[in-house]
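The opening residue of the first sequence carries number 340 in the numbering used here; numbering runs sequentially from there.
Every residue gets a Cβ at the ideal spot worked out from N, C-alpha and C, and that includes glycine.
Presented below is the structure to which this report refers.
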Amino acid sequence: MPKEKTTKRAATKRTEKKKKDPNAPKRGLSAYMFFANEQRENVREENPGISFGQVGKVLGERWKALNDKQRAPYEAKAAQDKKRYEDEKASYNADAEEEESS
DNA sequence: TTGCTGATTGTTTCT
DNA sequence: AGAAACAATCAGCAA
């Protein structure tokens with residue numbers, strides 16, 4: 340069973356973004372990001388004139404409503420994006436090394 | 001070695 | 001421009 344880890348991040352906290360790394364190798368996106376990219380149009384189309392709160396909620400419900408197969412394409416994208424992140428990480432590592440080298 | 005936490009990602013809409 | 005619901009993530013650090 341999924342341990343409900345103490346995910347106690349007080350919202351808007353993420354917007355504070357405290358810089359901790361020199362070049363911060365921002366991670367890749369999430370499957371939801373790709374899913375939202377496609378569904379956002381569909382959801383908004385099915386719910387014309389709905390507020391952001393509703394869209395976001397219905398979006399999440401539909402996200403899980405999909406079968407693993409459906410999430411596959413999104414997860415695949417997430418995996419791909421993650422790769423992209425690897426590049427950032429490389430840059431970040433290279434830079435860090437450079438600094439250390441100096 | 002293991003596990004946690006924090007930081008981050010993108011969307012929408014609103015003021 | 002930033003804020004919040006929505007979900008995933010996953011990389012680095014500590015004991």
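Sufficient close CB pairs (3 or more, under 8 Å) joining the stretch 398-407 to the stretch 416-434: no
- Item | Segment limits, alpha helix (DSSP H) that includes L398 | 391-404
Next on the checklist: For R383, report the span of its alpha helix (DSSP H) as first-last.
Outcome noted: 370-385
Are the stretch 382-395 and the stretch 407-427 in contact at 8 Å, needing three or more beta carbon pairs? no
Query raised in the report: Roughly how many angstroms lie between the CA atoms of E377 and V394, to the nearest whole one?
Result: So the two alpha carbons sit approximately 13 Å from each other.
- prompt: Cβ atoms of P364 and E414: under 7 Å apart, would you say?
  reply: no
Could you give the distance in angstroms between the alpha-carbon of Y371 and the alpha-carbon of K396?
13 Å
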